[in-house]
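Counting along the sequence shown from 1, when you hit position 135 you're at 1096 in our numbering, and nothing is skipped either side.
This report refers to the structure that appears directly beneath it.
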Amino acid sequence: MTTPLPERAARRCHNVINPLHSAHYFSPDLGREMAAVGVKDREAAYFAARAAAMGPVGAGVVTATFYNFRHELVAAHVPRVWETASPEVVLAARARAVDATLRRLLGAELLAAEEVAEAAELALRAAEACSRNARPLYAAHADLPVPDEPHLALWHAATLLREHRGDGHLTVLLGAELGPVEALVSHTATGKGMAPKWVLATRGWSQEHWEAAVLRLRERGLLDAEGELTEAGAALRKEVEAETDRIDRAPYEHLGAAGVERLTELAAGLLSRAMAAGAFPAGMIGKS
């Protein structure tokens, strides 16, 4: 008999697995490897690295699947980036960047430890229960081979679990009528999203776009005059996360309560080491 998962156990696991995937986006290694194949613009490198699993797609597909980036920003780089480096070349460059990033953040001794191989095995087992249906970024990455090295296999599994949840989350945001900028503003208002300066610097939106989204959320009664979530706004964000949990439960139920607890423990230890090594920029999270 399967032991039921404790409340929010899947989300806690996701919260420590996801950064193990995303650390490479903030790493100088990605920029270096992408520049080596001719993609020197940082925005183009990000779009290409994350979208490459889908093949030489156009700007519309990237905007649709990435959700909170302004289409004009995406279209400035995609599909032109594929003329410089094919998706296959980009995937190989990203793999080299991930390898270098994890080696630098975690160290060779830790990467060779049994705990990394165990975490990879658990994460891959969870990913067995992910579904391709209506999850394009997950589905594209699920078609890629699993790397042989344990730390890269762990990163691959973390990518599958991250994109599976992310694809589902976008469906929930649409149902909540939170467009790209409204989603960013309301998430930031929870204190867990990116600071506005990071959003504006990376997502292609202007201060005017941000302020217009704030106004729309106020008109819906979701933000107050100080830009804080109202009771209704907090409830909506809570519902969004709860519904995302619900439609993302299959991988963690498949792994089971004991497996989820162990994977969370292992991933948290790796993330702590990576954070201590400067995996993410200071000041990225919060309302500042």
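Even for Gly, the Cβ is constructed at its ideal location relative to N, Cα and C.
Do Leu1083 and Leu1227 have their CB atoms nearer than 9 Å?
The residue you call residue 1083 lines up with position 122 of the sequence shown. The residue you call residue 1227 lines up with position 266 of the sequence shown. In this structure, Leu1083 places its C-beta atom within 9 Å of the C-beta atom of Leu1227.
Below 9 Å between beta carbons: does that hold for Asn1029 and Ala1144?
Here residue 1029 refers to the residue found at position 68 when the sequence shown is read from its first residue. Here residue 1144 refers to the residue found at position 183 when the sequence shown is read from its first residue. Cβ distance < 9 Å, so Asn1029 and Ala1144 count as in contact.
Could you check the C-alpha separation between Glu1192 and Leu1183 for me, to the nearest Å?
The residue you call residue 1192 lines up with position 231 of the sequence shown. The residue you call residue 1183 lines up with position 222 of the sequence shown. Distance between the alpha carbons of Glu1192 and Leu1183: 7 Å.
Please report the straight-line C-alpha distance between Ala1251 and Ala1229, rounded to a whole angstrom.
The requested residue 1251 is not part of the displayed model; the chain covers only 962 to 1249.
May I have the straight-line CA-CA distance separating Met962 from Gly1220, to the nearest angstrom?
Here the question's residue 962 lines up with position 1 in the sequence shown. Here the question's residue 1220 lines up with position 259 in the sequence shown. Per-residue confidence for Met962 stands at a pLDDT of 44, beneath the threshold of 50, marking its modelled position as unreliable; no derived number is given.
Give the secondary structure of Leu1190 by DSSP, where H, G and I count as helix, E and B as strand, and everything else as coil.
Translated into positions along the sequence shown, residue 1190 becomes position 229. Of the three classes helix, strand and coil, the one that applies to Leu1190 here is strand, per DSSP.
Compute the distance between the beta-carbons of Ala1211 and Ser1047, then report whether it is under 9 Å.
Here residue 1211 corresponds to residue number 250 of the sequence shown, with the count starting at 1. Here residue 1047 corresponds to residue number 86 of the sequence shown, with the count starting at 1. Result no, Cβ atoms of Ala1211 and Ser1047 do not sit closer than 9 Å.
How many angstroms separate the CA atom of Gly992 from the CA atom of Lys1001?
The residue you call residue 992 lines up with position 31 of the sequence shown. The residue you call residue 1001 lines up with position 40 of the sequence shown. Between Gly992 and Lys1001, the C-alpha separation is close to 7 Å.
Going by alpha carbons, who is nearest to His1117 out of Glu968, Pro967 and His985?
As a first step, residue 1117 is located in the sequence shown; it is residue number 156 there, counting from the start. The candidate whose alpha carbon is nearest that of His1117 is His985.
So, using beta-carbon positions, are Ser926 and Ala1090 closer together than 9 Å?
It is not possible to answer for residue 926, since the shown part of the chain is limited to 962 through 1249.
With DSSP collapsed to three states, give me the class of Leu1184.
Your numbering for residue 1184 matches position 223 in the sequence shown. Residue state, collapsed to three classes: strand.
Among Val1018, Glu1076, Asp1209 and Val1160, which residue has its Cα nearest to the Cα of Ala1088?
Within the sequence shown, residue 1088 is the residue found at index 127, counting from 1. The candidate whose alpha carbon is nearest that of Ala1088 is Asp1209.
Does the structure place the segment 1137 to 1155 close enough to the segment 1169 to 1189 that three or more beta carbon pairs sit under 8 Å?
The segment 1169 to 1189 vs the segment 1137 to 1155: in contact.
Which two residues bound the contiguous alpha helix (DSSP H) that contains Ser1167?
Against the sequence shown, residue 1167 aligns to sequence position 206. Per DSSP, Ser1167 belongs to no alpha helix (DSSP H) and is neither H nor E.
To the nearest angstrom, how far is it from the Cα of His1112 to the Cα of Asp1060?
For this step, residue 1112 is matched to residue 151 along the sequence shown. For this step, residue 1060 is matched to residue 99 along the sequence shown. His1112 and Asp1060: Cα-Cα distance of roughly 8 Å.
Check this for me: beta carbons of Leu1224 and Ile978, under 9 Å apart or not?
The residue labelled residue 1224 in the question sits at position 263 within the sequence shown. The residue labelled residue 978 in the question sits at position 17 within the sequence shown. Yes, they are a contact pair.
Rounded to a whole number of angstroms, what is the C-alpha to C-alpha distance between Arg1164 and Val1035?
Along the sequence shown, read from residue 1 onward, the residue named residue 1164 stands at position 203. Along the sequence shown, read from residue 1 onward, the residue named residue 1035 stands at position 74. Distance between the alpha carbons of Arg1164 and Val1035 is about 9 Å.
For the alpha helix (DSSP H) containing Ser988, list its first residue and its last residue.
Looking up residue 988 in the sequence shown gives position 27. Where Ser988 is concerned, there is no enclosing alpha helix (DSSP H), given that its DSSP letter is neither H nor E.
Name the two residues that bound the continuous alpha helix (DSSP H) containing Tyr1213.
Mapped onto the sequence shown, residue 1213 falls at position 252. In the DSSP annotation of this structure, the continuous segment of the alpha helix (DSSP H) that includes Tyr1213 starts and ends at Ala1211 to Leu1216.
When we look at the beta-carbon of Glu1075 and count the other beta-carbons within 10 Å, is it buried (16 or more) or exposed?
Along the sequence shown, read from residue 1 onward, the residue named residue 1075 stands at position 114. Glu1075 comes out exposed.
Please report the distance separating the alpha-carbon of Tyr1213 from that of Arg973.
Indexing the sequence shown from 1 puts residue 1213 at position 252. Indexing the sequence shown from 1 puts residue 973 at position 12. So the alpha carbons of these two residues sit roughly 11 Å apart.
Can you tell me the Cβ-Cβ gap for Phe1008 and Val1042, rounded? I've got them flagged as a contact below 8 Å.
The count along the sequence shown starts at 1 and reaches residue 1008 at position 47. The count along the sequence shown starts at 1 and reaches residue 1042 at position 81. Going by Cβ atoms, the distance from Phe1008 to Val1042 rounds to 7 Å, so yes, they are a contact pair.
Expressed to the nearest angstrom, what Euclidean distance is found between the alpha-carbon atoms of Leu1161 and Gln1168?
Locating residue 1161 in the sequence shown gives position 200, where the first residue counts as 1. Locating residue 1168 in the sequence shown gives position 207, where the first residue counts as 1. Leu1161 and Gln1168: Cα-Cα distance of roughly 7 Å.
Can you check whether the CB of Leu1066 is closer than 9 Å to the CB of Ala1235?
In the sequence shown, residue 1235 corresponds to position 274, counting from 1. In the sequence shown, residue 1066 corresponds to position 105, counting from 1. Yes; because the gap between Cβ atoms is below 9 Å, this pair is in contact.
Between Ala1250 and Glu994, which are expected to be in contact by the criterion C-beta below 8 Å, what is the C-beta distance as a whole number of angstroms?
The chain is shown from 962 up to 1249; residue 1250 falls before or after that span and cannot be answered.
I need the straight-line Cα distance from Gly1021 to Glu1110, nearest angstrom please.
Within the sequence shown, residue 1021 is the residue found at index 60, counting from 1. Within the sequence shown, residue 1110 is the residue found at index 149, counting from 1. For Gly1021 and Glu1110, the distance between alpha carbons rounds to 34 Å.
Can you list, in chain order, the stretches of the beta strand (DSSP E) that have 3 or more residues and sit fully within the segment 1061 to 1135?
none
Using alpha carbons as the reference points, say which of Glu1189, Ser983 and Arg1096 lies closest to Met1015.
For the purposes of this step, residue 1015 is identified with residue 54 of the sequence shown, where counting begins at 1. It is Arg1096.
Between His1130 and Val1201, is the Cβ-Cβ spacing less than 9 Å?
For the purposes of this step, residue 1130 is taken as residue 169 along the sequence shown, with counting starting at 1. For the purposes of this step, residue 1201 is taken as residue 240 along the sequence shown, with counting starting at 1. Their beta carbons are under 9 Å apart, which means His1130 touches Val1201 by this criterion.
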